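Enquirer:
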Amino acid sequence: MVYLSSLSCADLLNLERDVGELIRAGHSSFHIDLMDGHYVPNLCLNLDFVKALKRRFDCMIDVHLMVEDPFSYVQPCAEAGADYLSFHLDSVSYPFRLLSQIKAHGMKAGIVLNPKNRPEDIDKLAKDMDYCLVMSVEPGFYGQEFMDLAYEKIQYLDELRRREKLPFQISVDGGINDENGKRCKMLGADMLVMGVFSFFNQGIPIFDACKDYVKRIEEK
Ligand code: DX5
Ligand code: ZN
1 MVYLSSLSCA DLLNLERDVG ELIRAGHSSF HIDLMDGHYV PNLCLNLDFV KALKRRFDCM
61 IDVHLMVEDP FSYVQPCAEA GADYLSFHLD SVSYPFRLLS QIKAHGMKAG IVLNPKNRPE
121 DIDKLAKDMD YCLVMSVEPG FYGQEFMDLA YEKIQYLDEL RRREKLPFQI SVDGGINDEN
181 GKRCKMLGAD MLVMGVFSFF NQGIPIFDAC KDYVKRIEEK
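Counting with our numbering, you get residues 1 to 220 for the letters of the sequence shown.
1. Taking buried to mean at least 16 other C-beta atoms within 10 Å of its own C-beta, is Lys153 buried or exposed?
2. Going by Cα to Cα distance, which pick from Val214, Pro95 and Tyr151 is closest to Phe199?
3. Judging by CA-CA distance, which residue of Leu15, Ile102 and Phe141 is the nearest neighbour of Gly37?
4. Helix, strand or coil: how does DSSP classify Met186 here?
5. Figure out for me which residue from Asn177, Gln202 and Ser171 has the closest Cα to the Cα of Leu85.
6. Use the C-beta contact count for Ser72: other C-beta atoms within 10 angstroms, 16 or more gives buried, fewer gives exposed.
7. Short of 8 Å in beta carbon distance, which residues of its chain neighbour Pro70, apart from the five on each side in sequence? Order them along the chain.
8. Got a sec: does ligand 2 put a non-hydrogen atom nearer than 8 Å to the Cβ of Gly174?
9. Closest by CA to Glu219, which one among Pro205, Gly106 and Lys182?
Set out below in structure tokens:
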């Protein structure tokens, strides 16, 4: 299981400290929500931040685009140091083209399914994508409640990749806590996005919160 720390949920006044603690706890994979204020009504981290993070730390960066024109972000994201790049299925007319552009820029290419999207929408794209990000909340804000409809999508995707012998990974984003994180893992999720119900905002140091959370999730 890869635990992706969503840095929008970190203490913005102490980002360097929080990132350092996550890495010390063994979590050097980061989920960066990149919003344009149009596709979703919010803004937070930006590409200068991604660049600074990559320069300063030895880490893996997963950029989750929540923008109206994802095509225009491919090159800037690659230059900033993104390793994984995902876009919302309903933000583009030509998803095959975008997947191939992302890969041509040396990044893993992912498709994001919103809660309203049906998992079958991914069938034809599945062999061209490296991962599928299942949204378990509406995109744009942290701290929302996990929606159970994510479970059937994870299950569907896991069955699809077994049936078609496809190597894509399954990631889940939004409202993940102990209980639902465990269930997502059991259903086939490979990556979980960690926010304010797991690694962050726990009232204890991040290092301890990470250790505790992983222990709870990994135990049978
Ligand atoms: C929601 C974001 C998530 C968010 C996760 O638009 O995509 O990555 O930061 O945080 P929690 O788990 O706190 O909702
Ligand atoms: Zn996200």
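Glycine included, C-beta positions come from ideal geometry on N, C-alpha and C.
Computed from a prediction, not measured in an experiment: that's the story for all the values here.
Expert: Well, looking at it:
1. The residue in question, Lys153, is buried, as its Cβ has 16 or more Cβ neighbours within 10 Å.
2. The option with the nearest alpha carbon to Phe199 is Val214.
3. Phe141
4. helix
5. Ser171
6. exposed
7. Phe87, His88, Ser91, Val92 and Leu98
8. Correct: Gly174 has its Cβ closer than 8 Å to ligand 2.
9. Lys182
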